[in-house]
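Numbering-wise, the working numbering comes out as the position in the sequence shown, counting from 1, plus 82. Virtual Cβ for every residue (Gly too), placed ideally from N, Cα, C. Inspection log for the structure reproduced underneath, given as structure tokens.
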Amino acid sequence: MRTDRRARGGRLGAAGRGRAALGGALALGAWALGSAAVAAVAALPGSPLQPLQPPGTRPGGPFRWLADALGLDALRGGALVGVGLAAVALAVLGFLLALRAAWRGEVGARAVLGLAVLAHLALLTLPLLFSRDVYSYGMYGRIAAVHGANPYVAVPADFPEDPLFGLVGPRWIGTPAVYGPLFTLISAGVARAAGSVGGLVLAFRTLAVASSLATAFAAAALARRVRPGRVAFAAAAVGLNPVVLFQSAGSGHNDLLVALAVALAALLALGGRSLPAAAVLALGTGVKATAAVPLLLLAAWEAGRRPAGRRLRGLVAHLGLAAAVWLAAALPFLQARDPSLGMLELATHEGWLAPSRFVRRIFGALAGALLGGGAEAAVGFLVRVAFAAALVLSLALLVRGAARRAPRGQAREAVAAWGWGLLLLMLLGPVLLPWYVTWALPLAALLPPAARRALLGTSVALALSQFAAEPARLPWAYDANLLFGHYVVTPVVAVLLVLLLRDLRRRLRDGAPLDDAPERLPAQADRR
83 MRTDRRARGG
93 RLGAAGRGRA
103 ALGGALALGA
113 WALGSAAVAA
123 VAALPGSPLQ
133 PLQPPGTRPG
143 GPFRWLADAL
153 GLDALRGGAL
163 VGVGLAAVAL
173 AVLGFLLALR
183 AAWRGEVGAR
193 AVLGLAVLAH
203 LALLTLPLLF
213 SRDVYSYGMY
223 GRIAAVHGAN
233 PYVAVPADFP
243 EDPLFGLVGP
253 RWIGTPAVYG
263 PLFTLISAGV
273 ARAAGSVGGL
283 VLAFRTLAVA
293 SSLATAFAAA
303 ALARRVRPGR
313 VAFAAAAVGL
323 NPVVLFQSAG
333 SGHNDLLVAL
343 AVALAALLAL
353 GGRSLPAAAV
363 LALGTGVKAT
373 AAVPLLLLAA
383 WEAGRRPAGR
393 RLRGLVAHLG
403 LAAAVWLAAA
413 LPFLQARDPS
423 LGMLELATHE
433 GWLAPSRFVR
443 RIFGALAGAL
453 LGGGAEAAVG
463 FLVRVAFAAA
473 LVLSLALLVR
483 GAARRAPRGQ
493 AREAVAAWGW
503 GLLLLMLLGP
513 VLLPWYVTWA
523 LPLAALLPPA
533 ARRALLGTSV
543 ALALSQFAAE
553 PARLPWAYDA
563 NLLFGHYVVT
573 PVVAVLLVLL
583 LRDLRRRLRD
593 GAPLDDAPER
603 LPAQADRR
């Protein structure tokens, strides 16, 4: 009888494994189908998923052939927009199925990373997607390398004869550079090397694709070190994510360099190499100021874990090294007119998907209806100040909490705190764009449920936020896209923000861990 039970259990186990393997294969198939659908729509001439393209661009390659074979080339106007939106929704659904399969262990890390490599290589056969930002990157690089001016002072409008000028987004024509000095140096190098506008765009997209792939592998390595059961999940959260593939890598965004810096610094920090981690985060800050948040948290943690008399020394060592690295890149651009190198300019911007903008519009409209136009402006100003204060206060409490936990905490909790900080910056800041979600995605496997849901939920919402990239091509579709973003996507993100803040407040108050570990109060931990 005992032998029969063992045999029956073995057969049931084999059957269960077979069902899991089939479920995983179907999930990855759904992801591949959705991703191919988006790529086919994106490959069409005049696709709603494309921004303005350089003159002479002719989409081709395997996905253009697929689109023609499916008859998509016959679609126009609203029909094409509808098919594009359906393709994006299918890609998001496929991603969620693949992510669930990875979480449940139904697919392996090798399969996920293999598909991620194929998907990223396929991106290079597509035209530029969703955003014109890459033209701004190139324009600022050309201002420095070709025109011999300082891009933190000069603006694209000063060089109307430049071949990139007509491609730069209208909002950025009169705006100096707002990116970090290291990235401006990179942009200048690309501008020198590129022989054409198309070559320049390809160079930035190749850099983004390579950074995205490296981040996916680094996220898998990070999970293997601290959460071995989540390696496939960590790889899928980055490498199979449509907001990473199409709206970040496919559009050539430099945010993927920040994500790579965060992932590599996390690996170094987990290995006890905090100073090299600070240097890598300083390089990330040289691309975008975003990386200053995990840098500050790293410095606070390392200072907190030292004896009282040596904490200041530890803080100065990490922040001093980071400042030296950043300053080395900034020296060619320092001047008195804008010593912040674009940060003051960036602080005046407001993004169309930011929760702060949604709250400002709602309460401002109510105040205006009840009290007049002056009240609307005053309420709008107060909302912006309130969100800025909430961001500063939340980050300050997180830094203090990290420093207090450091003497008894583990490195994985310190790294998880970076994810919390990046989420706070993304959701409480005045600008929210789809590619911003890449900052924290490498840390998804370390985060506790509320933070993980906020991160992945925001990534899904932002993946659905764009289905008409160019206002001049289909104005009605672009307006509908804005309304959908304002009043569907942003409220969802705002709810996720509230849940995130509530859970963070509880964890900081109760001493619960910031990473996804069993929650024990400090007193309980001491008794064990």
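For residue i, the nearest candidate out of the options (CA to CA)
i, options, result
"residue 430", "475, 400 and 466", "466"
"residue 427", "586, 504 and 260", "260"
"residue 416", "267, 597 and 213", "267"
"residue 309", "300, 241, 527 and 480", "527"
"residue 129", "209, 136 and 107", "209"
"residue 379", "495, 134 and 234", "495"
"residue 323", "441, 178 and 573", "178"
"residue 510", "489, 577 and 247", "577"
"residue 375", "236, 114 and 500", "500"
"residue 477", "456, 452, 491 and 503", "503"
"residue 599", "393, 392, 531 and 570", "531"
"residue 137", "522, 283 and 479", "283"
"residue 586", "109, 521 and 480", "480"
"residue 442", "458, 452, 334 and 453", "458"
"residue 538", "557, 198 and 522", "522"
"residue 171", "204, 116, 185 and 557", "116"
"residue 414", "446, 548, 396 and 232", "232"
"residue 187", "242, 110, 151 and 169", "110"
"residue 345", "359, 584, 334 and 336", "359"
"residue 300", "198, 384 and 176", "198"
"residue 148", "384, 445, 474 and 204", "204"
"residue 566", "493, 377 and 440", "440"
"residue 183", "101, 356, 240 and 150", "101"
"residue 493", "371, 595 and 334", "595"
"residue 334", "114, 269 and 242", "269"
Within 7 Å, strictly: CB atoms of residue i and residue j
i, j, result
"residue 173", "residue 120", "yes"
"residue 341", "residue 180", "no"
"residue 438", "residue 463", "no"
"residue 369", "residue 220", "no"
"residue 611", "residue 449", "Outside the displayed range of the chain (83 to 610) lies residue 611, so it cannot be described from this structure."
"residue 407", "residue 364", "yes"
"residue 343", "residue 373", "yes"
"residue 519", "residue 544", "yes"
"residue 536", "residue 505", "yes"
"residue 329", "residue 516", "yes"
"residue 331", "residue 290", "yes"
"residue 382", "residue 485", "yes"
"residue 338", "residue 294", "yes"
"residue 292", "residue 321", "no"
"residue 246", "residue 222", "no"
"residue 561", "residue 498", "no"
"residue 411", "residue 264", "yes"
"residue 126", "residue 154", "yes"
"residue 435", "residue 514", "yes"
"residue 234", "residue 424", "yes"
"residue 590", "residue 483", "yes"
"residue 551", "residue 559", "no"
"residue 159", "residue 112", "no"
"residue 570", "residue 540", "no"
"residue 422", "residue 384", "no"
"residue 489", "residue 432", "no"
Nearest-angstrom beta carbon gap, residue j and residue i [assumed within contact, 8 Å]
i, j, result
"residue 420", "residue 258", "7 Å"
"residue 189", "residue 106", "4 Å"
"residue 362", "residue 347", "4 Å"
"residue 200", "residue 288", "That belief does not hold up - the Cβ atoms of residue 200 and residue 288 are roughly 16 Å apart, past 8 Å."
"residue 386", "residue 393", "7 Å"
"residue 533", "residue 582", "6 Å"
"residue 280", "residue 139", "7 Å"
Cβ-heavy atom distance, residue i to the ligand PLP, below 6 Å
i, result
"residue 441", "This structure lacks the ligand PLP; in fact it carries no ligand of any kind."
Quick one: which unbroken alpha helix (DSSP H) runs of 4-plus residues sit fully inside the segment 330-384? Chain order, please. Entirely contained in the segment 330-384, the alpha helix (DSSP H) runs reaching 4 residues are, in chain order, 337-352 and 356-367.
Evaluate contact between the segment 213-227 and the segment 259-273, counting only Cβ atoms and requiring at least three cross-stretch pairs below 8 Å. Output reads yes: the segment 259-273 touches the segment 213-227.
Counting Cβ pairs, one atom from each stretch, are 3 or more of them under 8 Å apart for the segment 143-151 and the segment 160-167? Short answer: they don't touch.
With contact counted as at least three CB pairs below 8 Å, one residue from each stretch, are the segment 313-332 and the segment 186-193 in contact? Result yes; three or more Cβ-Cβ pairs closer than 8 Å.
Taking contact to mean at least 3 C-beta pairs separated by less than 8 Å, is the segment 393-408 in contact with the segment 241-257? At 8 Å Cβ cutoff, the stretches do not touch.
Examine the Cβ distances between the segment 510-527 and the segment 288-305 and report whether three or more of them are shorter than 8 Å. Output reads yes: the segment 288-305 touches the segment 510-527.
My parser needs the alpha helix (DSSP H) runs of 4 or more residues fully inside the segment 213-301; what are they? Considered as a whole, the segment 213-301 harbours 215-227 and 263-275 as its complete alpha helix (DSSP H) runs of no fewer than 4 residues, in chain order.
With a cut-off of 8 Å, do at least 3 Cβ pairs link the segment 129-140 to the segment 202-218? Judged by pairs of C-beta atoms under 8 Å, the segment 129-140 touches the segment 202-218, as three or more such pairs exist.
Which ranges would you report for the alpha helix (DSSP H) in the segment 470-556 if only whole runs of at least 4 residues count? Complete alpha helix (DSSP H) runs here, min 4: 493-510 and 531-545.
Pick out the complete alpha helix (DSSP H) segments inside the segment 124-178, 4 residues or longer, and give them in chain order. If we require 4 residues or more, the alpha helix (DSSP H) runs fully inside the segment 124-178 come out as 144-151.
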